[in-house]
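Residue numbers (the numbering used here), protein chains in the order written: chain A, -9 to 106; chain B, 82 to 189.
Don't be surprised by glycine CBs; every beta carbon is placed ideally from N, CA and C.
None of the values given here were measured: they were computed from a predicted structure.
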Amino acid sequence: GAGVSQTPSNKVTEKGKYVELRCDPISGHTALYWYRQSLGQGPEFLIYFQGTGAADDSGLPNDRFFAVRPEGSVSTLKIQRTERGDSAVYLCASSWPGGPNTGELFFGEGSRLTVL
Amino acid sequence: GQNIDQPTEMTATEGAIVQINCTYQTSGFNGLFWYQQHAGEAPTFLSYNVLDGLEEKGRFSSFLSRSKGYSYLLLKELQMKDSASYLCAVIGTYKYIFGTGTRLKVLA
């Protein structure tokens, strides 16, 4: 596709369950970011990939959160033992080779996670 | 530490001009971005400043003063469709840090 694609767009789960959120970036974009956005707040940085490796995962809140990008394209954000506080919109963004200093971030529509 | 401040909410009238300010304190600086985000949608790019001065793009302009850690976004000839949140974001080496956003309401 032409833009960043995220699935699912909406996910409702029960406390304690495992969740996977998928991001398919724009073809050719080597930099990929995950952000989390709560209502009325700006996006909060979670993790940054350059190619296949996680260059910075300092924003992951705790060890229940993990993300992979095995082939340098699609990325999956994995959340174990979900808690109600994990409820938010999870945004994925990608940018041109060389990283964001060359230009803008392209965001997906987000995955809205609701933990009951 | 890293801190980006912008007003929470602003209201303006259709056809008017509005200025949204952003101040920042970050450990590194490689540019400042403004994004627009309509409710329930993804942020979309508006502008990028890396050098001091004004960047103009149609009805939107963005200003940067690196020595003051200050930027503003100027929106002219406001339209109802400009009602949205405006996010200020600073980039260090590779990481974008976003402010909480300014919710702009445009009234008829």
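For the segment 10 to 40 of chain A, the set of residues with a beta-carbon nearer than 9 Å to any beta-carbon of chain B comprises 21, 23, 25, 27, 30, 31, 32, 33, 34, 35, 38 and 40, in chain order.
Taking C-beta separations shorter than 8 Å and ignoring five residues to either side along the sequence, the partners of residue 50/A in its chain run 36, 37, 56 and 57, following chain order.
Contact annotation: the segment 6 to 24 of chain A does not touch the segment 139 to 150 of chain B, with fewer than three C-beta pairs closer than 8 Å.
Taking a C-beta distance under 7 Å as the contact criterion, residue -7/A and residue 20/A do not qualify as a contact pair. Under the criterion of beta carbons closer than 8 Å, residue 188/B and residue 98/B do not qualify as touching, at roughly 14 Å. Beta-bridge partners assigned by DSSP to residue 151/B: 104/B and 146/B. Taking a C-beta distance under 7 Å as the contact criterion, residue 81/A and residue 25/A qualify as a contact pair. Nearest in C-alpha terms to residue 84/A, of all of 73/A, 96/A and 74/A, is 96/A. Sequence-distant Cβ neighbours of residue 99/A in its own chain, meaning closer than 7 Å and more than five residues away, are -4 and -1.
In the three-state DSSP reduction, residue 43/A falls in the strand class (E or B). Burial state of residue 186/B is exposed, judged by a 10 Å Cβ sphere holding fewer than 16 other Cβ atoms. When the alpha-carbon of residue 111/B is set against those of 166/B, 124/B, 138/B and 174/B, the nearest one is in 174/B. Leaving aside the five residues that flank residue 70/A on each side, the residues in its chain whose CB is nearer than 7 Å to its CB run, in chain order, 8 and 54.
Taking all protein chains shown into account, residue 104/A has fewer than 16 neighbouring C-beta atoms within 10 Å of its C-beta and is therefore exposed.
Taking 8 Å as the upper bound for CB-CB distance, residue 83/B and residue 172/B are not in contact here, some 11 Å apart. Contact with chain B is found for residue 97/A, since one of that chain's Cβ atoms lies less than 7 Å from the residue's Cβ. Neighbours of residue 176/B in chain A, taken as residues at a C-beta separation under 7 Å, are given in chain order as 35, 38 and 46. Residues of chain B with a Cβ closer than 7 Å to the Cβ of residue 100/A are, in chain order, 123. Taking 4 residues as the shortest admissible run, the segment 4 to 60 of chain A contains no complete alpha helix (DSSP H) segment at all.
When the beta-carbon positions are compared, residue 150/B and residue 104/B come within less than 7 Å of each other.
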